[in-house]
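Asks: Quick note: the sequence shown uses the working numbering, first residue 1, plus one each step.
C-beta atoms are modelled at their ideal positions from N, C-alpha and C, and glycine is treated no differently.
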Amino acid sequence: MNNRVFNTDRRIKLGIWGLGRGQNFVNSARALNIDVVAGCDINQSMRDAFTRNVPGAYVTDNEDDFLAQDFDAVLVATYFPDHVKHAIKALEAGKHVMSEVTSFQTPAEGVKLVEAVEKSGKIYHLLENYPFMKDNMYLKKLWDEGFFGDFIYGEYEYVHCARQLAYAYNFYVDGKNLPVEPGWAVHNWRAALNPHSYNTHSLGPLMVITGLRPVAVEAFPSTVPMPGGLIIGDRPAKGSGASLVRMSNGGVMRNLMGSMTMDNHTGGRLWGTKAGADKMTRGHLRLCIGADGEGFKFEVTPEWPDAELGKLCDAAGHGGGDFWELYYFARELLTGEKGPWNVYAASDVTLAGILAGRSARRNGEPQRIPDFRLREDRDAYRDDNGADIPHFDAENGCFPPDADKEIVKDFNVVMRDLYHNYGLMRQVFTALQGMSIYKSLTNRADQYEIVRSVDTLRRNLPEIAAVCRKAERIANAYPDSVGGATIRYALANAPLDKIYNTEKTIAELDAWLAETLKNG
Ligand SMILES: NC(=O)c1ccc[n+]([C@@H]2O[C@H](COP(=O)([O-])OP(=O)(O)OC[C@H]3O[C@@H](n4cnc5c(N)ncnc54)[C@H](O)[C@@H]3O)[C@@H](O)[C@H]2O)c1
1 MNNRVFNTDR RIKLGIWGLG RGQNFVNSAR ALNIDVVAGC DINQSMRDAF TRNVPGAYVT
61 DNEDDFLAQD FDAVLVATYF PDHVKHAIKA LEAGKHVMSE VTSFQTPAEG VKLVEAVEKS
121 GKIYHLLENY PFMKDNMYLK KLWDEGFFGD FIYGEYEYVH CARQLAYAYN FYVDGKNLPV
181 EPGWAVHNWR AALNPHSYNT HSLGPLMVIT GLRPVAVEAF PSTVPMPGGL IIGDRPAKGS
241 GASLVRMSNG GVMRNLMGSM TMDNHTGGRL WGTKAGADKM TRGHLRLCIG ADGEGFKFEV
301 TPEWPDAELG KLCDAAGHGG GDFWELYYFA RELLTGEKGP WNVYAASDVT LAGILAGRSA
361 RRNGEPQRIP DFRLREDRDA YRDDNGADIP HFDAENGCFP PDADKEIVKD FNVVMRDLYH
421 NYGLMRQVFT ALQGMSIYKS LTNRADQYEI VRSVDTLRRN LPEIAAVCRK AERIANAYPD
481 SVGGATIRYA LANAPLDKIY NTEKTIAELD AWLAETLKNG
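Encoded structure:
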């Protein structure tokens with residue numbers, strides 16, 4: 001392939017607004033007739049990284065200067081609650097828009113966005129990438145051929161723990177996430193994110209595969225938070241968000257999001273009237289054929305719908321999904337052929353999340369999902385500003401305003417150290433749980449992992465005890481604050497007896513290692 005995807009020399013000039021996630025698209029853009037010519041971020045280190053990534057591109061921290069530049073389209077990847085404000089501002093500046101998920105925070109904002117897109121005559125796409133992973137593209141192709149028949153039921157999920165991102169950026173320095181500064185001010189939106197609102201990676205694939213839209217949703221409140229997540233009263237900021245969604249053909253899907261154990265970013269199961277599919281992890285797709293529950297069930301190896309384009313997809317992020325969302329946008333600009341995520345589909349999926357949250361706050365009360373293609377539905381929600389959505393002040397909300405900054409300045413670092421990707425709490429639990437299941441492990445590589453984890457724990461236990469003591473000092477100073485409650489719940493769910501009896505525990509770990517290695 002000569003890296004030419006569209007049969008035209010026309011190029012699209014793109015500005016990227018928000019240079020964290022926003023920079024993930026730079027490489028795929030080149031092959032899709034897209035030239036990244038400008039970037040905007042309020043954070044200097046993001047701007048520096050962009051300048052290294054796209055030498056010669058214009059870069060600024062000023063959004064007005066940015067939008068005044070000569071380019072065709074903006075990719076909005078700023079803070080989650082600001083997507084709608086920035087998308088509308090870019091449309092009004094005469095730019096086409098790609099917006100990261102999700103599109104808006106309240107129904108009233110959704111109405112404003114839809115009407116701004118209509119008024120502008122510009123193209124708006126939501127950057128929902130999970131439908132465009134290889135397995136989901138393969139299912140979509142089969143679906144369109146009628147392989148599955150009509151949709152009966154589905155289960156999709158996007159479970160991603162990532163609790164450290166409340167306290168630190170998705171940006172690594174010396175193998176650890178860079179903590180948010182100042183240390184008592186948690187991350188703008190990730191800290192207090194309601195799991196229902198981040199629903200596009202699970203409902204999105206089902207919508208694209210089946211071509212159906214969500215029409216109603218209901219959800220019970222889930223009151224068990226994940227230790228290590230920020231505890232904000234009884235809000236489910238870190239925990240689960242499960243809803244049942246009625247689709248436009250009368251079928252039902254279970255949509256699960258959350259920050260829990262056992263991440264699953266791509267899981268899905270589908271039941272149609274003629275066939276079923278079961279895909280609980282990426283790359284493993286099991287089909288049931290024969291239009292019967294006892295039909296043949298076997299694994300298939302999904303292929304990209306276009307092998308040549310597939311070569312470009314494999315190099316892009318999120319299993320190729322990041323490539324396809326740019327592809328559909330460029331295709332619509334260059335050829336007029338529509339992509340799957342216009343502003344109406346974006347509203348459908350975003351509203352399903354907002355209204356699932358509302359249903360949970362109303363103890364499971366079913367919510368109709370309006371169709372913003374219809375004028376009467378827009379009028380009904382024009383003033384719905386989501387007054388019931390609780391606000392959390394990420395900059396000042398974790399500790400009392402007069403808190404001793406010398407004490408609370410370490411909050412983010414402590415929480416990051418305990419819960420980053422290979423964090424201290426994970427080391428503790430991996431070793432202790434691994435020892436209890438060791439005898440049931442048959443795979444040598446798995447056994448080796450556990451032995452290695454126990455050895456790591458015996459070396460790091462003094463550091464782990466020191467970090468827990470530091471955390472306790474912060475919690476004891478402000479026990480009733482959000483920060484204090486967060487630490488207290490986290491430590492209450494940790495084996496502190498083992499951690500604080502450091503010498504005794506190290507002796508036990510040594511004895512286990514000696515015994516295990518002796519037995520081969
Ligand atoms: N589709 C996916 O797979 C996927 C993956 C990651 C993130 N996302 C989405 O992308 C968005 C960005 O994610 P992130 O990980 O970079 O998160 P983030 O919130 O940490 O970063 C947003 C970036 O925007 C910058 N910013 C914020 N307001 C700005 C403004 N007014 N002007 C200029 N710059 C501004 C920030 O400095 C930061 O660099 C999120 O809303 C998230 O939902 C999607």
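Exposed or buried, which one is Q433 when buried takes at least 16 other CB atoms within 10 Å?
Replies: The count along the sequence shown starts at 1 and reaches residue 433 at position 433. Exposed.
Asks: Can you tell which of N177, A29, A466, F6 has its C-alpha closest to the C-alpha of N53?
Replies: Residue 53 sits at position 53 when you count from the first residue of the sequence shown. Comparing Cα positions, the closest option is A29.
Asks: Quick one: is Q367 buried, meaning 16 or more other Cβ sit within 10 Å of its Cβ, or exposed?
Replies: Here residue 367 refers to the residue found at position 367 when the sequence shown is read from its first residue. It counts as buried.
Asks: Name the two residues that bound the continuous beta strand (DSSP E) containing K279.
Replies: On the sequence shown, position 279 is the one that residue 279 refers to. Its beta strand (DSSP E) spans residues 276-281.
Asks: Could you compute how far the alpha carbon of R358 sits from the alpha carbon of G386?
Replies: For the purposes of this step, residue 358 is taken as the residue at position 358 of the sequence shown. For the purposes of this step, residue 386 is taken as the residue at position 386 of the sequence shown. One C-alpha to the other measures close to 9 Å.
Asks: Under 8 Å Cβ to Cβ from R235, same chain only, skipping five residues before and after it: list those, please.
Replies: On the sequence shown, position 235 is the one that residue 235 refers to. For R235, where only same-chain residues beyond five positions count, the Cβ hits under 8 Å are A192, N194, P390, F392.
Asks: For ligand 1, is there a heavy atom less than 8 Å away from the beta-carbon of F521?
Replies: No information on residue 521 is available, as it lies outside the stretch 1 to 520 that the chain covers here.
Asks: Taking 8 Å as the threshold, find out whether the region 127-136 comes into contact with the region 259-279 through three or more Cβ pairs.
Replies: yes
Asks: Could you pull out every residue in the same chain whose Cβ sits closer than 8 Å to the Cβ of D35, ignoring the five residues on either side in sequence?
Replies: The sequence position of residue 35 within the sequence shown is 35, counting from 1. So the list reads R11, I12, K13, L14, A29, once near-sequence residues are dropped.
Asks: Using 8 Å for Cβ pairs, my map puts V59 next to R47. What's the rounded Cβ distance?
Replies: The count along the sequence shown starts at 1 and reaches residue 59 at position 59. The count along the sequence shown starts at 1 and reaches residue 47 at position 47. With a Cβ gap of about 5 Å, V59 and R47 count as contacting.
Asks: Run the proximity test for R21: is its beta-carbon closer than 8 Å to any non-hydrogen atom belonging to ligand 1?
Replies: Along the sequence shown, read from residue 1 onward, the residue named residue 21 stands at position 21. Indeed, a heavy atom of ligand 1 lies less than 8 Å from the Cβ.
Asks: Can the beta-carbon of E109 be found less than 9 Å from the beta-carbon of V84?
Replies: One-based indexing of the sequence shown puts residue 109 at position 109. One-based indexing of the sequence shown puts residue 84 at position 84. Contact: yes.
Asks: When we look at the beta-carbon of M1 and count the other beta-carbons within 10 Å, is it buried (16 or more) or exposed?
Replies: Here the question's residue 1 lines up with position 1 in the sequence shown. Confidence in M1 is poor, its pLDDT being 47 and thus under 50, which makes the residue's placement unreliable; the coordinate value appears in the next sentence. Result: exposed.
Asks: Taking contact to mean 3 or more Cβ pairs, one atom from each stretch, closer than 8 Å, check whether the region 342-352 and the region 144-161 are in contact.
Replies: no
Asks: What are the start and end residues of the alpha helix (DSSP H) that includes P205?
Replies: For the purposes of this step, residue 205 is identified with residue 205 of the sequence shown, where counting begins at 1. Start and end: 200-210.
Asks: I need the boundaries of the alpha helix (DSSP H) containing N255, first residue and last residue.
Replies: On the sequence shown, position 255 is the one that residue 255 refers to. From DSSP, N255 is part of no alpha helix (DSSP H) but of the beta strand (DSSP E) over 252-258.
Asks: Name the DSSP bridge partner or partners of N421?
Replies: Here residue 421 is taken as the residue at index 421 of the sequence shown, counted from 1. Looking at the DSSP assignment, N421 forms no beta bridge with any residue, so it has no partner.
Asks: Pull up the DSSP beta-bridge partners for T78, would you.
Replies: By 1-based counting over the sequence shown, the position of residue 78 is 78. In DSSP, T78 forms no bridge with anything.
Asks: Cutting at 8 Å between CB atoms, please list the residues of its own chain near L513, excluding the five before and the five after it.
Replies: By 1-based counting over the sequence shown, the position of residue 513 is 513. Once the five neighbours on either side are set aside, the close Cβ partners of L513 are V451, V454, D455, R458.
Asks: For the region 80-100 against the region 115-130, do three or more pairs of beta-carbon atoms, one drawn from each stretch, fall closer than 8 Å, so that the two count as touching?
Replies: yes
Asks: Is any heavy atom in ligand 1 found nearer than 8 Å to the beta carbon of G15?
Replies: Start at 1 with the first residue of the sequence shown, and residue 15 comes out as number 15. Result no, Cβ not under 8 Å from ligand 1.
Asks: Residues in its own chain within less than 8 Å of A291 by CB, not counting five upstream and five downstream?
Replies: Here residue 291 refers to the residue found at position 291 when the sequence shown is read from its first residue. For A291, where only same-chain residues beyond five positions count, the Cβ hits under 8 Å are G149, T273, K274, A275.
Asks: What did DSSP end up calling K287 once you bin it into helix, strand or coil?
Replies: Taking the sequence shown and counting its residues from 1, the one referred to as residue 287 is at position 287. This sequence places Leu at residue 287; Lys is not what is there. Secondary structure at L287: strand, using DSSP grouped into helix, strand and coil.
Asks: Have a look at E115, H284, E463 and flag the residue whose alpha-carbon is nearest the alpha-carbon of T301.
Replies: The sequence position of residue 301 within the sequence shown is 301, counting from 1. The shortest C-alpha separation from T301 is found at H284.
Asks: Short of 6 Å in beta carbon distance, which residues of its chain neighbour K95, apart from the five on each side in sequence? Order them along the chain.
Replies: Along the sequence shown, one-based indexing puts residue 95 at 95. Same-chain partners within the cutoff: A73, V74.
Asks: Flag L127 as yes when its Cβ comes closer than 8 Å to any non-hydrogen atom of ligand 1, and as no otherwise.
Replies: Taking the sequence shown and counting its residues from 1, the one referred to as residue 127 is at position 127. At least one heavy atom of ligand 1 is nearer than 8 Å to the Cβ of L127, so yes.
Asks: Indicate the three-state DSSP secondary structure (helix, strand or coil) for T60 in the structure shown.
Replies: For the purposes of this step, residue 60 is taken as residue 60 along the sequence shown, with counting starting at 1. T60: strand per DSSP, three-state reduction.
Asks: Between which two residues does the alpha helix (DSSP H) harbouring A38 extend?
Replies: The residue you call residue 38 lines up with position 38 of the sequence shown. Run containing A38: none in the alpha helix (DSSP H); it sits in the beta strand (DSSP E), 34-40.
Asks: Is there at least one non-hydrogen atom of ligand 1 closer than 8 Å to the beta-carbon of C40?
Replies: The residue given as residue 40 occupies position 40 in the sequence shown. Yes, since a heavy atom of ligand 1 falls inside the 8 Å radius drawn around the Cβ of C40.
Asks: Would you kindly report the start and end of the unbroken alpha helix (DSSP H) that includes V482?
Replies: Translated into positions along the sequence shown, residue 482 becomes position 482. Per DSSP, V482 belongs to the alpha helix (DSSP H) from 482-492.
Asks: Within a Cβ cutoff of 6 Å, which residues of the same chain sit near P370, ignoring the five residues on either side of it in sequence?
Replies: Locating residue 370 in the sequence shown gives position 370, counting from the first residue. Taken in chain order, the residues that qualify are D377, Y381.
Asks: Spatial neighbours of L165 within its chain, please: CB distance less than 8 Å, with the 5 preceding and 5 following residues excluded, ordered by chain position.
Replies: Mapped onto the sequence shown, residue 165 falls at position 165. N177, H187, R190, listed in sequence order.
Asks: Given L334, which residues of its chain have a CB within under 8 Å of its CB, disregarding the five upstream and five downstream residues?
Replies: By one-based count along the sequence shown, residue 334 stands at place 334. If we look at L334 and ignore the five residues flanking it on each side, its Cβ neighbours are F6, T8, R10, I12, N33.
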